[in-house]
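Quick note: the sequence shown, position 94, residue 129 per the working numbering, numbers continuous. Working notes for the structure below.
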Amino acid sequence: MDKPSIAEMISVEKLSFSYGDLQVLENISFDLYYGEFVGVIGPNGSGKTTLLKCLCRLLKPFGAVYIDGEEISRIDFNKLSRKISYTSSELDSSIDGLTVFELVSSGRTPYMKGIWWESGEDERIIFDSIRIIGLEDKVNRRIGELSSGEKQRAKIARLLSQTPEIFLVDEPTVHLDLKHQIEIMNILKSLKLKKKIVVAVFHDLNLASLYADRIIVLKKGQISAIGRPADVLNEDILRDVYGVDVKILHTGLYGTPIIVPMPSI
Ligand SMILES: Nc1ncnc2c1ncn2[C@@H]1O[C@H](COP(=O)(O)OP(=O)(O)O)[C@@H](O)[C@H]1O
Ligand SMILES: [Mg+2]
Numbered sequence: 036m037d038k039p040s041i042a043e044m045i046s047v048e049k050l051s052f053s054y055g056d057l058q059v060l061e062n063i064s065f066d067l068y069y070g071e072f073v074g075v076i077g078p079n080g081s082g083k084t085t086l087l088k089c090l091c092r093l094l095k096p097f098g099a100v101y102i103d104g105e106e107i108s109r110i111d112f113n114k115l116s117r118k119i120s121y122t123s124s125e126l127d128s129s130i131d132g133l134t135v136f137e138l139v140s141s142g143r144t145p146y147m148k149g150i151w152w153e154s155g156e157d158e159r160i161i162f163d164s165i166r167i168i169g170l171e172d173k174v175n176r177r178i179g180e181l182s183s184g185e186k187q188r189a190k191i192a193r194l195l196s197q198t199p200e201i202f203l204v205d206e207p208t209v210h211l212d213l214k215h216q217i218e219i220m221n222i223l224k225s226l227k228l229k230k231k232i233v234v235a236v237f238h239d240l241n242l243a244s245l246y247a248d249r250i251i252v253l254k255k256g257q258i259s260a261i262g263r264p265a266d267v268l269n270e271d272i273l274r275d276v277y278g279v280d281v282k283i284l285h286t287g288l289y290g291t292p293i294i295v296p297m298p299s300i
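Dropping the structure here:
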């Protein structure tokens with residue numbers, strides 16, 4: 036049954052997932068609203084990547100995920116790909132033979148009519164995405180010949196060219212230097228202005244604090260906390276979830292907490 040009352044959001048209800056005998060997500064429920072930037076944090080192995088894959092049907096969980104009131108298992112594949120896209124953090128070698136143009140073009144596949152995908156509009160979106168991410172001078176280079184950071188940026192360009200409503204980005208800043216971290220984060224944040232939803236996994240808690248409207252904190256496959264950075268990034272929660280002592284600074288610079296790890300020696 037589709038949910039009639041939900042408008043314009045993702046609703047996750049009692050989601051659980053196991054790889055064989057290994058239960059990785061347990062009883063996860065939350066709603067996401069259009070125009071929201073949501074960070075997902077938690078230790079290695081806490082289930083962040085698995086959660087993103089369940090949200091876009093790369094994995095089939097127990098429980099339900101609704102997009103705009105429609106349960107995702109009932110949504111046609113191309114329609115789902117126009118609604119939601121996912122970028123992994125892995126250095127996936129299967130794309131190494133593609134040029135930057137070919138990889139970014141593949142984001143338009145869900146819009147293909149028959150065998151023709153490359154309308155003037157598609158081409159404009161592809162080149163815009165490459166330009167926004169700053170890879171214009173690498174358009175014809177093969178992905179395998181790029182640095183890790185450039186490869187990550189090419190993957191983000193592909194994500195943009197897919198023009199979905201919901202962007203799921205696993206560790207968007209992995210392999211990026213500080214300048215490109217900030218550039219990518221600003222690009223993702225700007226999607227809010229178009230009322231998109233961005234869900235991004237972070238290891239850098241300070242980037243999460245700076246950019247996310249809300250943060251989901253995962254611990255052993257369960258939601259340990261969910262809320263505004265100022266409410267969830269506190270010493271008690273971070274000690275409980277990561278097992279480390281941190282100091283939280285409130286500088287007032289951007290009004291978000293700054294997390295400083297405390298050395299034990
Ligand atoms: N394909 C898989 N098969 C079996 N176990 C997996 C697989 N992918 C991840 N896991 C396990 O599931 C748990 C959660 O993994 P993951 O969602 O990747 O965590 P995170 O992204 O938070 O580091 C880990 O214990 C991991 O070893
Ligand atoms: Mg992961």
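The C-beta atom is built at its ideal place from N, Cα and C for all residues, glycine as well.
Going by the CB atoms, is the gap between residue j and residue i shorter than 9 Å?
{"i": "Gln197", "j": "Ser124", "result": "no"}
{"i": "Gly179", "j": "Asp131", "result": "yes"}
In chain order, what residues of the same chain lie with their CB nearer than 6 Å to the CB of residue i, ignoring the 5 residues before and after it?
{"i": "Ser183", "result": "His210"}
{"i": "Thr122", "result": "Lys190, Leu194, Val204"}
State buried or exposed for residue i, treating a residue as buried only when at least 16 other CB atoms are found within 10 Å of its CB.
{"i": "Lys95", "result": "exposed"}
{"i": "Leu213", "result": "exposed"}
{"i": "Phe97", "result": "exposed"}
{"i": "Asp205", "result": "buried"}
{"i": "Leu87", "result": "buried"}
{"i": "Leu90", "result": "buried"}
{"i": "Thr144", "result": "exposed"}
{"i": "Val100", "result": "buried"}
{"i": "Phe112", "result": "exposed"}
{"i": "Gly287", "result": "exposed"}
Should residue i be listed as close to ligand 1, given that the test is whether its C-beta is under 8 Å from any heavy atom?
{"i": "Val59", "result": "yes"}
{"i": "Leu50", "result": "no"}
{"i": "Lys83", "result": "yes"}
{"i": "Asn79", "result": "yes"}
{"i": "Gly55", "result": "yes"}
Considering only heavy atoms of ligand 2, does any lie closer than 8 Å to the CB of residue i?
{"i": "Thr122", "result": "no"}
{"i": "Val204", "result": "no"}
{"i": "Val236", "result": "yes"}
So, at 8 Å on beta carbons, what are the nonlocal neighbours of residue i in its own chain, with the 5 sequence-adjacent residues on each side left out?
{"i": "Glu270", "result": "Asp280, Val281, Lys282, Ile283"}
{"i": "Lys224", "result": "Phe72, Val233, Tyr246"}
{"i": "Thr134", "result": "Val174, Asn175, Arg176, Arg177, Ile178"}
For a minimum of 3 consecutive residues, which ranges assigned as the beta strand (DSSP E) are wholly contained in the stretch 161 to 232? 201 to 204
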